[in-house]
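Just below is one structure, and these are the notes that go with it.
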Amino acid sequence: MSVVRYLSRCAAWLAGGLVLVSALLVGVDVLMRNLFGLSALYSFELSRYLFGAVVTFGLSFALVERAHIRIDPLVRLLPAGARAVADVVALAATAPVALVMAWQGIDLVHQSLRLGAISNSPLGIPIAIPQGMWAFGLIWFAVTSVVLLVVASGALAKAQFDRVNALAGLPAMGGEGTEVKDLAHKPARAEA
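Counted the way the numbering used here counts, the sequence shown spans residues 4 to 195.
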């Protein structure tokens with residue numbers, strides 16, 4: 004699991020680097036347009052491609068860090084064993100969706116390669132290049148979700164509920180949520 008976590012973190016760093024590249028392209032393009040009246044970088048097109056890669060590269064990291072959006076008010080009230088079952092069921096729902104997305108991503112790249120599809124811009128970028136980046140991110144998300152499902156299911160089978168929670172459970176409340184909770188339980192101050 005540590006290898007999956009490490010590679011997912013690397014994918015997230017790569018995604019962050021792509022955001023910086025995109026910002027640099029847009030910034031240089033804006034400067035060139037304002038100073039010299041020309042735009043030669045096609046930053047809008049390139050940024051769209053990079054954004055797709057950023058999103059897919061971040062999916063696996065969000066999964067291992069338990070950062071995906073969750074609707075959890077009732078789950079928090081369940082006993083540890085029931086919470087662990089709910090977490091594994093959530094992973095069991097995520098993994099097939101991730102596998103289908105990866106499969107469709109691979110199929111899309113294959114079709115673009117077969118057709119020789121290129122962007123309809125002056126750049127004429129082979130569409131399989133950005134689609135390949137997206138597909139790579141989706142493939143890694145699928146691998147991560149399957150590995151996480153297998154490991155969490157094994158921990159559930161051994162009744163290691165804390166391990167399931169560490170892998171796939173709700174993150175501990177912190178930040179604003181804790182402050183609001185603390186305020187709710189804080190006795191009111193008497194006014195003099």
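Cβ atoms here follow ideal geometry from the backbone N, Cα and C, with glycine treated the same way.
| Check | Outcome |
| --- | --- |
| Residue from VAL31, ASP32 and LEU49 whose Cα sits closest to the Cα of ASN123 | LEU49 |
| Nearest-angstrom Cα separation, counted from GLY140 out to GLY61 | 8 angstroms |
| Option nearest VAL57 by Cα separation, candidates ALA43, PRO129, CYS13 and ASP32 | CYS13 |
| Counterpart residues of ILE121 in DSSP-defined beta bridges | PRO129 |
| Terminal residues of the alpha helix (DSSP H) in which LEU80 lies | Looking at the DSSP string, LEU80 is not in any alpha helix (DSSP H), and its letter there is neither H nor E. |
| Where the alpha helix (DSSP H) containing GLY55 begins and where it ends | 46-67 |
| Member of LEU53, ALA93, LEU80 and TRP137 whose CA lies at the smallest distance from the CA of ILE72 | ALA93 |
| Member of ASP165, LEU53 and VAL7 whose CA lies at the smallest distance from the CA of SER25 | LEU53 |
| For HIS113, three-class secondary structure by DSSP | helix |
| Contact under 9 angstroms by Cβ, ALA171 with ARG69 | yes |
| Cα-Cα separation between PHE47 and MET35, rounded to whole angstroms | 14 angstroms |
| Backbone secondary structure at ARG73 - three-state DSSP | coil |
| Within 9 angstroms, strictly: CB atoms of ALA138 and LEU102 | no |
| DSSP-derived helix/strand/coil call for GLN134 | helix |
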